[in-house]
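For reference, the structure is listed below as structure tokens.
Residue numbers (UniProt numbering): 1 to 225.
Quick look at the structure:
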């Protein structure tokens with residue numbers, strides 16, 4: 001039996017929609033990064049999450065530079081783009097033609113790009129700009145995933161629509177508690193080892209002091225004799 005084709009339509013549940021976005025965004029950024037490196041192309045990826053959060057990715061050039069290059073194209077060059085074959089032209093063309101919206105997004109990204117450049121130039125060890133930017137994007141994805149998980153534990157059950165969802169939340173909570181328990185045991189074990197080491201060092205120091213005192217007394221006795 002073959003796989004059932006997934007119907008592409010809007011996810012009504014806000015929690016599921018945000019979780020799906022976080023998962024697919026990671027894959028999209030990875031594909032954009034691979035395409036920019038393998039094919040040596042300029043890529044500008046701008047995404048606004050369901051909660052309104054901005055996520056972006058670019059390759060060798062800044063997003064502002066790629067957008068400026070796009071804006072300077074003629075209408076004929078824009079409309080002959082191959083991507084139009086895969087999209088609804090009625091919904092895509094007005095969005096592409098809205099250069100003012102793109103420039104506003106570029107202006108919004110300017111400050112963040114400047115900060116990223118400052119961090120990269122001040123860092124003593126930077127291997128490559130592409131690798132650094134991909135790591136930043138991956139960290140943002142991880143932070144967003146953690147925020148989604150924390151949101152599930154806030155006690156708001158209006159987004160829970162099935163027993164299966166509750167079971168998933170319960171399993172995630174049990175996993176988190178088990179992780180905390182393991183970390184607690186590890187910390188206590190480390191603390192016990194440190195205390196034992198301090199006790200040994202203290203006894204060793206006391207032995208050294210006793211030996212030094214005895215040596216001094218013997219030395220004085222020998223000098224007087």
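C-beta atoms are modelled at their ideal positions from N, C-alpha and C, and glycine is treated no differently.
Return the bridge partner residues of residue i from the DSSP annotation.
i, result
"residue 58", "44"
On the criterion of 16 or more Cβ atoms from any shown chain inside 10 Å, does residue i qualify as buried, or is it exposed?
i, result
"residue 8", "exposed"
"residue 74", "exposed"
"residue 170", "exposed"
"residue 123", "In this prediction, residue 123 scores a pLDDT of 48, lower than 50, which makes its location untrustworthy; the coordinate-derived value is nonetheless stated afterwards. Residue 123 comes out exposed."
"residue 180", "exposed"
"residue 18", "buried"
"residue 196", "exposed"
"residue 22", "buried"
"residue 95", "Because residue 95 sits at a pLDDT of 45, beneath the cut-off of 50, its placement in the model cannot be relied upon, and the following sentence gives the value as read from the coordinates. Exposed, by the Cβ-count rule."
Below 8 Å on the Cβ atoms is my contact criterion, and I expect residue i with residue j to pass it. Report the Cβ-Cβ distance as a whole number of Å.
i, j, result
"residue 40", "residue 66", "Their Cβ separation, rounded to whole angstroms, is 14 Å, which puts residue 40 and residue 66 out of contact at 8 Å."
Less than 8 Å between C-beta atoms, sequence neighbours within five positions excluded: which residues of the same chain meet that for residue i?
i, result
"residue 24", "none"
"residue 11", "17, 20"
"residue 50", "14, 17, 18, 21"
"residue 163", "none"
"residue 205", "none"
Once you ignore the five residues that flank residue i on each side, which residues in its own chain have a CB closer than 6 Å to its CB?
i, result
"residue 230", "Missing from the structure shown is residue 230; the chain here goes from 1 to 225 and no further."
"residue 69", "none"
"residue 61", "42"
"residue 84", "With a pLDDT of only 47 at residue 84, under 50, the local geometry of the prediction cannot be trusted, and the value read off the model is given with reservation. Hits under 6 Å: none found."
Are the beta-carbon atoms of residue i and residue j separated by less than 9 Å?
i, j, result
"residue 37", "residue 59", "yes"
"residue 63", "residue 55", "no"
Under 7 Å Cβ to Cβ from residue i, same chain only, skipping five residues before and after it: list those, please.
i, result
"residue 35", "41, 43"
"residue 32", "43, 45, 57"
"residue 185", "none"
"residue 178", "none"
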